[in-house]
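What follows is a single structure, written as C-alpha cells, with notes after it.
There are 2 protein chains.
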Amino acid sequence: MLSRVRSAVAHLVSSGGAPPPGPKSPDQPEATSLLPAVPPEAPGSPPAKAGSASGSAAAPAKAAEARASFSRPTFLQLSPAGLRRADDHAGRAVQSPPDTGRRLPWSTGYAEVINAGKSRHNEDQACCEVVYVEGRRSGSGAPREPGPGQGLCFYYWGLFDGHAGGGAAEVASRLLHRHIREQLKDLVEILQDPSPPPLCLPSTPGTPGSSDPPHLVGPHSCWPSQKEVTHDSLVVGAIESAFQLMDEQMAQERHGHQVEGGCCALVVVYLLGKMYVANAGDSRAIIVRNGEIIPMSREFTPETERQRLQLLGFLKPELLGSEFTHLEFPRRVQPKELGQRMLYRDQNMTGWAYKHIELEDLRFPLVCGEGKKARVMATIGVTRGLGDHNLRVCSSSLPIKPFLSCFPEVRVYDLTQYEHCPDDVLVLGTDGLWDVTSDAEAAATVDRVLSTYEPNDPSRYTALAQALVLGARGTPRDRGWRLPNNKLGSGDDISVFVIPLGGPGSYS
Amino acid sequence: MLSRVRSAVAHLVSSGGAPPPGPKSPDQPEATSLLPAVPPEAPGSPPAKAGSASGSAAAPAKAAEARASFSRPTFLQLSPAGLRRADDHAGRAVQSPPDTGRRLPWSTGYAEVINAGKSRHNEDQACCEVVYVEGRRSGSGAPREPGPGQGLCFYYWGLFDGHAGGGAAEVASRLLHRHIREQLKDLVEILQDPSPPPLCLPSTPGTPGSSDPPHLVGPHSCWPSQKEVTHDSLVVGAIESAFQLMDEQMAQERHGHQVEGGCCALVVVYLLGKMYVANAGDSRAIIVRNGEIIPMSREFTPETERQRLQLLGFLKPELLGSEFTHLEFPRRVQPKELGQRMLYRDQNMTGWAYKHIELEDLRFPLVCGEGKKARVMATIGVTRGLGDHNLRVCSSSLPIKPFLSCFPEVRVYDLTQYEHCPDDVLVLGTDGLWDVTSDAEAAATVDRVLSTYEPNDPSRYTALAQALVLGARGTPRDRGWRLPNNKLGSGDDISVFVIPLGGPGSYS
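Chains as they are written, first to last, in the numbering used here: chain A, 92 to 599; chain B, 92 to 599.
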C-alpha cells in the first residue's frame, strides 16, 4: 500500500504534475487517483518554527531554493497573477476560493494569508476533499464489483503548517487523505455492520504467512475476557496509522526527492455521522455551538509535552549526546554555580525542587524557554507533526526527530447528538490565527459575521473565514501589521477553515 | 536526611516502639519526633491488588506471617479488645476515633472497616497529623534560634492502601509526612516571603562541592529568559520529592527489615491556605461543595496508564524478557492465528487497527484485562504507589517495579477563593469505598448525613465517614455483604477521611 502512494510522491516532487482535479463530489470516486494535482514545490524557505540553531536542515533547503516553485491549494483556482498576489509579503492579500467558481464541499469557508516575511513563501497548505473508499477485495481472492452501499465516502479537511521548508506540508496536503483512504479500505464492510467489529481477520490475499483458508473470527470466540472495540476506535486507529505511514513515507523518500522540512497537521474526517478531529502540532480546532466553545484539539509543544520528552531523554540518554540534559532548570546553569542548589524538574515532576548542581547539569536543557519561545534541543517549537527527518541540532550530528511524534490526538464529535443551527461551526486554524486570537474572540467573530448574512447565503462561511484571517493579520501601520487595539497582528502564515455543522449543503 | 528517617524504619520494623504520641497540635512541635508510634507490623497477608501470579512476593511474606502483629492507626486509640474487633472479618465492625477521646485535628471525620476475608488483616493504614517544620539552618553555618514566624505548620492526612502484605502501608503511614517535613525545611523562609522564590540557593552546610561563600542568587540574575516558579509549585515539588525518597528508603531497607508489599498513597497537605492533594494509586479524593462535585484526584491503573507502560516496554524491551509484548490486543492471540490480522494498539495509539500476527505477538501482553481486572504483567492492578520492590512475575525473575511509578499527581485547591459552609467537605477514600460508590452517591450521603446534624456538632464528620463506610460495606445477607439494592457490597478494606472545608475548628 505504501508503494502505491510512494509513486505519487516521486511524481510530485520530481517533475510537473497533472492538472488540478478540483473538489470532488461523492459520485466521482475516480477523482481519488494518486496522481498529484499541481506542479512540484521544493522546500525553499528558512525554518519557521525551527529556531536559528537548525542550520543543517536549512542548508540543503537553500540549494533547492533556486528551483523552488510556489504553490497554493488547488481549490483557490489561482491564476498566475493571483498566485503572485498570494505570494506578496507586502500586500498580504487574503485569499479565498472565487465566489464564481465551484464551491468547496460541505459549503466550507476558507481563507488564508501569507506571512509578513518570515519565510519566502506561504508554508501553510490546505486540502478539502470528498474521498470515496472502495472496500478491499475479500479474502477469497475474487475481485468484487463495487456497487451501491459497498463503498464509503468521507469528507476531509486538512491544514498543514510547514516549517524549515514547505516540502512536508505540500506532500502531506496531497497525500495524507489517501493514506487515510487506504487504511479505511479494510473497514468498509465492518463500519457498515452494526455488530461488534471482528477482532481477527483473514490475512490479505498474497500476504506471506497466510496459509490456512482464512475465516472471520467473531468477537465472541474462545477467550473468556476480551475488550470491546467500538467502530469509532477503528476509525481513530485508521487515522493514527495513516499519519504514521505518511511520516514513514517522508522518511524513506527524503534523500531522493528532497521532501525537506516538517509540518503540523490538523485534519478532520467526517464519516458516518461523526467528525474525527486529528491534531499533531500547534494548530487548533474549536466548535462554536450556540455561542458555546467546545475545544476539539490541544496543542503539542515543548511545554505541553515536557514530561514525554524528558522521559525519552532519561530512558535513552544516547539521544542527548553529551550536549543536553533531560533535566529542566528555570534558567541556564552557570559554571560558577557548581555545588550550589538550583530549582529543577525531572520527567516525573510537575513541581520544582532544589538540587545540587553537578557537572552534567551545565549541559543545555533538552526543553527550554516559555510560550512561543519554548524549544526542544534549542531548535524546534512543536513536538508533533510530519517530516523533520533531516532536522538536526546546529553544529552537531544529533537528530531531533526521535523526540518528535507523528501521532495525532483524535477527538470524536457526534453530529447526530445535537440539532445544529446554521450558525454552529467548526473552526480550524493554524497558529497564525490563534497566536493573536483567543477562542472567545473567534466565537465573537463567528457571531458578528454570521448574523449579518442570511442563514442560507452560501458565501457566509467564506466571509467568516476571511474575517478571522483579517482579524489576526491586522492592517499595516507604524511599520508593522497591527490590530485595532494597536497590538501587533500575526506575522505568520494564517489559514482558516470554517465548517458549518448545520448549514446549507452539509450532511444529510 | 534519608539516614535520619531510615533509623526510624529500622526501629519500627525490628522491635517494639514508643507509646503512641496521639494527634498533635501546632503548639506541640516536639511531637514530630522520628520515633515510631506503635509496635511493628511485618507483612503477613496474601497479595490484594496483586493477582495470583505474584507468587515470589508472597513467599517471603509467608515466612514472616507467624510473627506478624496487627496494628491500626494510633488515633483510633484501640484497646486490645478493640483491636481484635477491628480485625474480625465476620463482624466487620466500623471503627472510628472514640467520641470521648481527643478529636482528630481539623475536626476531621474518620471511619474504616476490615475486608471480608481477602487478606488476613486490614491492609489500609491512615495518618492524620499536624506537623511543625523548623527552617533549616542558614548557610552561614551558625545555628539560628527558631522563633515565632520562623517555622511553618502543615496539616496532614494520608490514606495508604496496601497490597501483597501490610508492610509498605504501615511504614508509609508512619514516615511519609516526615519526608514531606524534611523537604519543606528548605522552603520555610521562601514560602513566607511574597517575592518570587530564588532560583539558586547556597549549598547546604557541609555538602561536598560548596567552596565559595554561598550567596542567594536572586530570580533576576544574568540569564535573559527564565521561568517563573510559583510558591505552589515548590510545595508540589516537595511532596513529589518526599514520595520518591520514601520509595527509595523502602527499596534500600527491604532486605534487612522486611518492608514487604506495596501501597497506594493518597495524601493531603494543608499549608498556607491551600490544600495539596497528592495521589499515587487508585484511591480517590473529591470535594463536595454546595452539592457540586469537584474531583481532586484521578486513578492510576493499567488502563489509565496504558500508554506510559507500553512506551516503557517499547523503549526498554529487556524489561519484558521474552515473555511479554508491549502491544495490546483485545484478547490473547492464539498460535493458530499466526499470519491472520488482529486488532492491536501500540504505545502511540488510542484507536485500534489490524496487524498481521507474528510470533512475537503470541507473548503475553504487558497490559491486559479491563476495569478492576486490568493487570500489568498479569500481576498488579495499580501502577503508582510506594514499595513493591520485590514484586516479580510468577515463575519468572522479571521485576515489575520498573513499570510502577512512585510519583503522585498533585492538585492544588485554594481554600481562600471560596467562602465554604460547614457542609462543604473533602472526602478521601480507598478503592474499597469507590468500587461500589459513585461520586454522586457519596455527595448524596454528604447531604443526607450532614443535614441531620447541627452545623457546629463536632461529631457530624465522623458520622458522615461512618455512613460512607457502611454504605459501601452493606449488611450480611445471602452469604455475602449486600447493599440495599441487593448488589454486593465491597469486600475490600474501606477507609474514609472527611475533612470539613468550612466547618468548626478548621483553619483560621
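Ideal Cβ placement from N, Cα and C applies to all residues, glycine included.
Only a predicted model underlies this, so the values are computations on that prediction, with no experimental measurement involved.
Fill in: Simplified DSSP assignment, three categories, for phenylalanine 588 of chain B
Here residue 588 of chain B is taken as the residue at index 497 of the second sequence, counted from 1. DSSP places phenylalanine 588 of chain B in strand when its eight states are reduced to three.
Worksheet item: Based on the DSSP output, what are the partners of asparagine 370 of chain A in its beta bridges?
Response: Stepping through the first sequence from its first residue, residue 370 of chain A is reached at position 279. Asparagine 370 of chain A pairs with A:Leu357 and A:Glu500.
Worksheet item: In the structure shown, what three-state DSSP assignment does glutamine 216 of chain B receive?
Response: By 1-based counting over the second sequence, the position of residue 216 of chain B is 125. In the structure shown, glutamine 216 of chain B sits in a strand (DSSP, three-state: E or B).
Practice prompt. Apply the 10 Å Cβ neighbour rule to aspartate 538 of chain B and answer buried if 16 or more other Cβ atoms are within range, or exposed otherwise.
Written response: For the purposes of this step, residue 538 of chain B is identified with residue 447 of the second sequence, where counting begins at 1. Burial call: exposed.
Practice prompt. Give me the Cα-Cα distance between glycine 113 of chain A and proline 546 of chain A, rounded to the nearest whole angstrom.
Written response: In the first sequence, residue 113 of chain A corresponds to position 22, counting from 1. In the first sequence, residue 546 of chain A corresponds to position 455, counting from 1. With a pLDDT of 38 at glycine 113 of chain A, under the threshold of 50, the modelled position of this residue cannot be trusted; read the value that follows with caution. Their backbone Cα atoms lie some 26 Å apart in a straight line.
Item to complete: With 7 Å as the limit, tell me which residues of the segment 437–451 of chain A have their beta carbon closer than that to any beta carbon of chain B; keep them in chain order.
Response: Asn439, Met440, Thr441, Gly442, Trp443, Ala444, Tyr445 and His447
Item to complete: Could you tell me which residues DSSP pairs with aspartate 514 of chain B in its beta bridges?
Response: Stepping through the second sequence from its first residue, residue 514 of chain B is reached at position 423. DSSP, once it has assigned bridges, lists no residue as partnering aspartate 514 of chain B.
Worksheet item: Using DSSP with H/G/I as helix, E/B as strand and the rest coil, what is isoleucine 377 of chain B?
Response: Numbered from 1 along the second sequence, position 286 holds the residue referred to as residue 377 of chain B. Strand, per DSSP.
Item to complete: Determine the extent of the alpha helix (DSSP H) in which histidine 480 of chain A is found, giving its start and end residues.
Response: In the first sequence, the residue the question calls residue 480 of chain A occupies position 389. No alpha helix (DSSP H) contains histidine 480 of chain A, which DSSP labels as neither H nor E.
Practice prompt. Tell me, to the nearest whole angstrom, how far the beta carbon of glutamine 425 of chain B is from that of serine 294 of chain A; I am working on the premise that it is less than 8 Å.
Written response: Stepping through the second sequence from its first residue, residue 425 of chain B is reached at position 334. Stepping through the first sequence from its first residue, residue 294 of chain A is reached at position 203. Contact flag wrong, Cβ pair sits at about 14 Å.
Worksheet item: Under 8 Å Cβ-Cβ, which residues of chain B neighbour alanine 329 of chain A?
Response: Indexing the first sequence from 1 puts residue 329 of chain A at position 238. Result: Gly442 and Ala444.
Worksheet entry | Per DSSP, the bridge partner or partners of tyrosine 201 of chain B | Position 110 of the second sequence, counted from the start, is the residue given in the question as residue 201 of chain B. Tyrosine 201 of chain B pairs with B:Phe588.
Discussion item. Under 9 Å, CB to CB, which of the residues in the segment 468–499 of chain A have a partner in chain B?
Written reply: Ser496, Cys497 and Phe498
Worksheet item: If you draw a straight line from the alpha carbon of phenylalanine 391 of chain A to that of leucine 410 of chain A, how long is it in whole angstroms?
Response: Taking the first residue of the first sequence as position 1, residue 391 of chain A is located at position 300. Taking the first residue of the first sequence as position 1, residue 410 of chain A is located at position 319. If you take the alpha carbons of phenylalanine 391 of chain A and leucine 410 of chain A, they lie about 20 Å apart.
Worksheet item: Which chain A residues sit within Cβ distance under 9 Å of leucine 406 of chain B?
Response: As a position in the second sequence, residue 406 of chain B is number 315, starting the count at 1. Ordered by position in chain A, the residues that pass the 9 Å Cβ test against leucine 406 of chain B are Leu402, Leu403, Leu406 and Lys407.
Worksheet item: Hey, does leucine 292 of chain A have any beta-carbon neighbour from chain B nearer than 8 Å?
Response: In the first sequence, counting from the first residue as 1, residue 292 of chain A sits at position 201. So yes, leucine 292 of chain A belongs to the interface.
Worksheet item: Just checking my contact of leucine 223 of chain B with methionine 387 of chain B at CB under 8 Å: how many whole Å lie between their CB atoms?
Response: For the purposes of this step, residue 223 of chain B is taken as residue 132 along the second sequence, with counting starting at 1. For the purposes of this step, residue 387 of chain B is taken as residue 296 along the second sequence, with counting starting at 1. According to the sequence displayed, residue 223 of chain B carries tyrosine and not leucine. Incorrect: roughly 25 Å between the Cβ atoms, too far for contact.
Practice prompt. Pick helix, strand or coil for glutamate 56 of chain B, following the three-state DSSP scheme.
Written response: A question about residue 56 of chain B goes unanswered here, because the residues of chain B that appear run from 92 up to 599.
Worksheet item: Quick one: Cα of phenylalanine 251 of chain A to Cα of glycine 372 of chain A, how far?
Response: As a working mapping, residue 251 of chain A is identified with position 160 in the first sequence. As a working mapping, residue 372 of chain A is identified with position 281 in the first sequence. So the alpha carbons of these two residues sit roughly 9 Å apart.
Practice prompt. Tell me the start and end of each unbroken beta strand (DSSP E) in the segment 561–588 of chain B that is at least 3 residues and wholly inside, in chain order.
Written response: 566–568 and 571–573
Practice prompt. Check proline 112 of chain B in the structure and name its three-state DSSP category.
Written response: Here residue 112 of chain B corresponds to residue number 21 of the second sequence, with the count starting at 1. Because the pLDDT of proline 112 of chain B is 38, which lies under 50, any placement of that residue in the model is unreliable, and the number read from its coordinates should be weighed accordingly. In the structure shown, proline 112 of chain B sits in coil (DSSP, three-state: anything other than H, G, I, E or B).
Discussion item. When you compare the CB positions of proline 456 of chain B and phenylalanine 405 of chain B, do they come within less than 8 Å of one another, or not?
Written reply: Here residue 456 of chain B refers to the residue found at position 365 of the second sequence. Here residue 405 of chain B refers to the residue found at position 314 of the second sequence. Not a contact, by the Cβ cut-off of 8 Å.
Discussion item. Helix, strand or coil for glutamine 186 of chain A? Go by DSSP, reduced to three states.
Written reply: The residue labelled residue 186 of chain A in the question sits at position 95 within the first sequence. The answer is strand: DSSP assigns glutamine 186 of chain A an E or B state.
Fill in: Chain-order list of residues whose beta-carbon lies under 6 Å from that of cysteine 218 of chain B (same chain, five-residue window excluded)
Along the second sequence, read from residue 1 onward, the residue named residue 218 of chain B stands at position 127. So the list reads Gly249 and Ser264, once near-sequence residues are dropped.
Discussion item. Bridge partners for valine 224 of chain A per DSSP, in chain order?
Written reply: Stepping through the first sequence from its first residue, residue 224 of chain A is reached at position 133. Note: valine 224 of chain A sits in a beta bridge opposite A:Leu243.
Discussion item. Alpha carbons only, please: which of B:Leu325, B:Leu517, B:Glu220 and B:His511 is nearest the one belonging to glutamine 283 of chain B?
Written reply: Within the second sequence, residue 283 of chain B is the residue found at index 192, counting from 1. Of the candidates B:Leu325, B:Leu517, B:Glu220 and B:His511, the one whose C-alpha sits nearest the C-alpha of glutamine 283 of chain B is B:Leu325.
Worksheet item: Looking at the unbroken beta strand (DSSP E) that takes in isoleucine 281 of chain A, where does it start and where does it end?
Response: Taking the first residue of the first sequence as position 1, residue 281 of chain A is located at position 190. Counting along the chain, isoleucine 281 of chain A falls outside any beta strand (DSSP E), though it belongs to the alpha helix (DSSP H) covering 279–282.
Discussion item. Against chain A, which members of the segment 265–291 of chain B pass a CB distance test of less than 8 Å?
Written reply: Gln274, Asp277, Pro288, Leu290 and Cys291
Discussion item. Here's a check: name, in chain order, each residue in its chain whose Cβ is nearer than 7 Å to the Cβ of valine 473 of chain B, leaving out the five neighbours to either side.
Written reply: Taking the second sequence and counting its residues from 1, the one referred to as residue 473 of chain B is at position 382. So the list reads Lys140, Cys355, Gly372, Asp373, Phe391 and Thr392, once near-sequence residues are dropped.
Discussion item. Below 7 Å on C-beta distance, what does serine 332 of chain B contact in chain A?
Written reply: Looking up residue 332 of chain B in the second sequence gives position 241. Ordered by position in chain A, the residues that pass the 7 Å Cβ test against serine 332 of chain B are Ala444.
Worksheet item: So leucine 278 of chain A packs on glutamine 317 of chain A, CB below 8 Å; how close in whole Å?
Response: Taking the first sequence and counting its residues from 1, the one referred to as residue 278 of chain A is at position 187. Taking the first sequence and counting its residues from 1, the one referred to as residue 317 of chain A is at position 226. Rounded, the Cβ-Cβ distance is 19 Å, inconsistent with contact.
Discussion item. If you reduce the DSSP assignment to three classes, tell me which class tyrosine 552 of chain A lands in.
Written reply: As a working mapping, residue 552 of chain A is identified with position 461 in the first sequence. Note: tyrosine 552 of chain A maps to helix in three-state DSSP.
Discussion item. Alpha carbons only, please: which of B:Leu579, B:Glu461, B:Ser332 and B:Pro549 is nearest the one belonging to threonine 441 of chain A?
Written reply: On the first sequence, residue 441 of chain A is found 350 positions in, with the first residue counted as 1. The residue with the shortest Cα to Cα distance from threonine 441 of chain A is B:Ser332.
Discussion item. I'd like to know if leucine 325 of chain A contacts chain B, where contact means its C-beta is closer than 8 Å to some C-beta of that chain.
Written reply: To locate residue 325 of chain A, count along the first sequence from 1; it is residue 234. With 8 Å as the cut-off, leucine 325 of chain A counts as an interface residue toward chain B.
Discussion item. Less than 8 Å between CB atoms is the rule here; does arginine 432 of chain A satisfy it with respect to chain B?
Written reply: Reading the first sequence from its first residue, position 341 is the one you call residue 432 of chain A. With 8 Å as the cut-off, arginine 432 of chain A counts as an interface residue toward chain B.
Item to complete: Show which residues of chain B have a CB atom less than 7 Å away from the CB atom of proline 421 of chain A.
Response: Translated into the one-based positions of the first sequence, residue 421 of chain A becomes position 330. Those within 7 Å of proline 421 of chain A in chain B are Leu290, Gln317, Lys318 and Val320.
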